[in-house]
Structures are given as C-alpha cells and as structure tokens.
Amino acid sequence: MRVLGVDPGLTRCGIGVVESGAGRSVGFVDVGVVRSGSDLSLERRLLAVADGVERWVARHRPDVIAVERVFSQHNVRTVMGTAQASGVVALVAARAGLPVAFHTPSEVKAAVTGEGRAGKAQVTTMVTKVLGLDAPPKPADAADALALAICHCWRSPMLDRMAEAQARAEELAAVHRARLAEARAAHQGGAPTAAEQWAAARAAADARSAGTWTAPGPAVTGDRRGNARRR
Numbered sequence: 003m004r005v006l007g008v009d010p011g012l013t014r015c016g017i018g019v020v021e022s023g024a025g026r027s028v029g030f031v032d033v034g035v036v037r038s039g040s041d042l043s044l045e046r047r048l049l050a051v052a053d054g055v056e057r058w059v060a061r062h063r064p065d066v067i068a069v070e071r072v073f074s075q076h077n078v079r080t081v082m083g084t085a086q087a088s089g090v091v092a093l094v095a096a097r098a099g100l101p102v103a104f105h106t107p108s109e110v111k112a113a114v115t116g117e118g119r120a121g122k123a124q125v126t127t128m129v130t131k132v133l134g135l136d137a138p139p140k141p142a143d144a145a146d147a148l149a150l151a152i153c154h155c156w157r158s159p160m161l162d163r164m165a166e167a168q169a170r171a172e173e174l175a176a177v178h179r180a181r182l183a184e185a186r187a188a189h190q191g192g193a194p195t196a197a198e199q200w201a202a203a204r205a206a207a208d209a210r211s212a213g214t215w216t217a218p219g220p221a222v223t224g225d226r227r228g229n230a231r232r233r
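So for the sequence shown, my numbering puts the first residue at 3; every next one is plus one.
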C-alpha cells in the first residue's frame, strides 16, 4: 500500500510518501513541501496548495491520502488556515478517487514513538530511524507528513477491522429491528408473537413430561336418545 501523508498548512504543506510492506516494514519513497506565498490572496494560496498536491498525486499514484486531523483551542487564525488547506487536500483526493484517512496528532505520535505526547524532535528521530534515512527530513512539516504516512500504514489494519465490526453490528441491529417490528405488528393483529408461541410450546412440553397433557380430539355430543355421538 502506498500512502501519501499530508501535514496541511497554507505557508508550508508537508508531503511524504511511503510504501508499506510485510508486517510493520515501511519504505521511504519521497518527501517535500508545497508552498504558497503569504502575499497572495487566500483563494490563490489554496489554489497553489491544490495544484501542488495534485502534482504529487499524479507523480506517485498513492492508494490513500493520510491527513492530520485539525483541532486547537488557541490560535484560531492558524487553525482556520490549516483547516482550509486540509479541505483542499480532501477535495484533491476526491477528484482523484482516493480515500482520505484523518489522524490526530496524538494518534500519529503514539503510532510512531509509542508516546502520544512526544515532541517534534522525538517524532523526527523515529521517522528517520523507521525509514532508514541518512539525515532527518526537513523542514518539520515534511517529517510530520512522513509520520502521518507511517501512522496510517500501521493503524490501517486495525481501522479496517473496526470498520468491519461496526458494519456487522449495524447489520445485526437492522435484522433485530425488523424482527421486532414484525413481532409487534403480529401482536397488534391478534396473532401470537414468537415469544408467546415459544411459551405455549414450552408449556405443552412440560405437560407431556408430567403426563398431564392430552391431545385434542373430536367433540362428543348426545342425541335425543342419550346415545353418545362423535362429530
């Protein structure tokens, strides 16, 4: 699986491409940065990001794009720009027919370093070690993009299993709701529900085992002479 990781941003958008192998092996493919000038209008900067990411997608043809999930409670202006760039990346992926996977910074740090609160230096060190690079990737945005790609390679099997389990649970829930609706409709119409049928069958079985149960037979009436007559 080839993964293109994106650390979204308006000024610098980190891009990293890796290829997953057997087990947890991950191979380095490419790394770089897409830039947009701060003197440009917002729409032009977003266009520059989109064009740059599209070139990377066309060049490396990834199977999935991994993007950092944006959230912050501090610098709203920076978060807005990052979120806008993230949306542009998702749009580029949709146009290319590629799935997008979002990972939070803590998920990336935990996957790469084993510690969800690891610093940038620790993340960069582990990225360099995992990919067998001669030198740490620079700038930090590029290292973060590679970390995102590695994170997705390692978390993808677990995410797939969770998605399958959720789909199965939803399927079973739908079957249960359908059976419940059918039972309610039958009960409202006067017909015995499945639970009532089961209770009746259980009572009959108990009666058989106790020797008190008799099969229903034809009714017996009398004629005018008092002789018994079967219907």
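We put the beta carbon where it would ideally sit given N, CA and C, even for glycine. As the structure is a computational prediction, the values presented were derived from the model and not from experiment.
Q) Skipping 5 residues on each side, what residues in its chain have a beta carbon closer than 6 Å to that of Val19? A) To locate residue 19, count along the sequence shown from 1; it is residue 17. Cβ within range, chain order: Leu6, Val31, Asp32, His62.
Q. Is the beta carbon of Ala87 sitting closer than 9 Å to the one on Cys15?
A. As a working mapping, residue 87 is identified with position 85 in the sequence shown. As a working mapping, residue 15 is identified with position 13 in the sequence shown. Note that the C-beta distance between Ala87 and Cys15 is below 9 Å.
Q.
Given a cut-off of 9 Å on the beta-carbon distance, is the pair Met3 and Ser158 in contact?
A. Counting from one through the sequence shown, the residue named residue 3 turns up at place 1. Counting from one through the sequence shown, the residue named residue 158 turns up at place 156. In contact: Met3 and Ser158 (Cβ atoms closer than 9 Å).
Q. Alpha carbon to alpha carbon, what distance is there between Gly54 and Val69?
A. Residue numbering aside, residue 69 sits at position 67 when the sequence shown is read from its first letter. Residue numbering aside, residue 54 sits at position 52 when the sequence shown is read from its first letter. As the crow flies, the alpha-carbon of Val69 is around 15 Å from that of Gly54.
Q.
Taking 8 Å as the cut-off, does the segment 94–103 touch the segment 130–144 (at least 3 CB pairs, one atom from each stretch)?
A. The answer is no - the segment 94–103 does not touch the segment 130–144, with fewer than three Cβ pairs under 8 Å.
Q. What span of residues does the beta strand (DSSP E) with Ser43 cover, start to end?
A. If you number the sequence shown from 1, residue 43 lands on position 41. Neither: Ser43 is in no beta strand (DSSP E) and is coded neither H nor E.
Q) Going by the CB atoms, is the gap between Trp156 and Ala113 shorter than 9 Å? A) Translated into positions along the sequence shown, residue 113 becomes position 111. Translated into positions along the sequence shown, residue 156 becomes position 154. Taking 9 Å as the cut-off, the Cβ atoms of Ala113 and Trp156 count as close.
Q. When the Cα atoms are used, what is the spatial distance from Gln168 to Ala175?
A. Position 166 of the sequence shown, counting from 1, holds the residue named residue 168. Position 173 of the sequence shown, counting from 1, holds the residue named residue 175. Distance between the alpha carbons of Gln168 and Ala175 is about 10 Å.
Q. What three-state label does DSSP hand Ser22 in the structure shown?
A. As a position in the sequence shown, residue 22 is number 20, starting the count at 1. Residue state, collapsed to three classes: strand.
Q: Return the first residue and the last residue of the alpha helix (DSSP H) that Glu70 is part of.
A: The residue you call residue 70 lines up with position 68 of the sequence shown. Counting along the chain, Glu70 falls outside any alpha helix (DSSP H), though it belongs to the beta strand (DSSP E) covering 66–70.
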